[in-house]
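*Asks:*
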Amino acid sequence: MLHVTNLVYVIKKDKETSSAMLRRFTRIIQQSGVLLQARKMKSYKRPLNKRARKVGALRRLKARKERERLVKLGKMKERVY
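For what it's worth, numbering that gives the first Met the number 0 labels the leading residue of the sequence shown as 0, then goes sequentially.
(1) Suppose contacts are defined by Cβ-Cβ distances below 8 angstroms. Is Val9 in contact with Val33 by that definition?
(2) In whole angstroms, what is the alpha-carbon distance linking Arg66 and Gly55?
(3) Under DSSP, the alpha helix (DSSP H) around Ile28 begins and ends at which residues?
(4) Cα separation between Arg52 and Pro46?
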């Protein structure tokens, strides 16, 4: 969930067109960094906890051992990079 700490708003001035107000709002948003922060948070991925890291490491180790076993049996070709 995105938490916005700095709310940015504009109030239409006398004799100001809507497009001018929108340009002013856009400029204020860019200068404040709110848009940049929102874009960063959109792709934020929470770090894994210790247990999840261990489970992933064990899963990778098991898959590696299984590949090695299949290569020894001749059922799988060895990876060549």
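Note that CB positions come from ideal geometry on N, CA and C, so glycine has one too. On a predicted model such as this, the values are computed, not experimentally measured, just so you know.
*Replies:* Let me spell this out:
(1) As a first step, residue 9 is located in the sequence shown; it is residue number 10 there, counting from the start. As a first step, residue 33 is located in the sequence shown; it is residue number 34 there, counting from the start. No, the pair does not count as a contact, with Cβ atoms beyond the cut-off.
(2) As a working mapping, residue 66 is identified with position 67 in the sequence shown. As a working mapping, residue 55 is identified with position 56 in the sequence shown. C-alpha separation (whole angstroms): 17 angstroms.
(3) As a first step, residue 28 is located in the sequence shown; it is residue number 29 there, counting from the start. Start and end: 17-31.
(4) By one-based count along the sequence shown, residue 52 stands at place 53. By one-based count along the sequence shown, residue 46 stands at place 47. So the two alpha carbons sit approximately 9 angstroms from each other.
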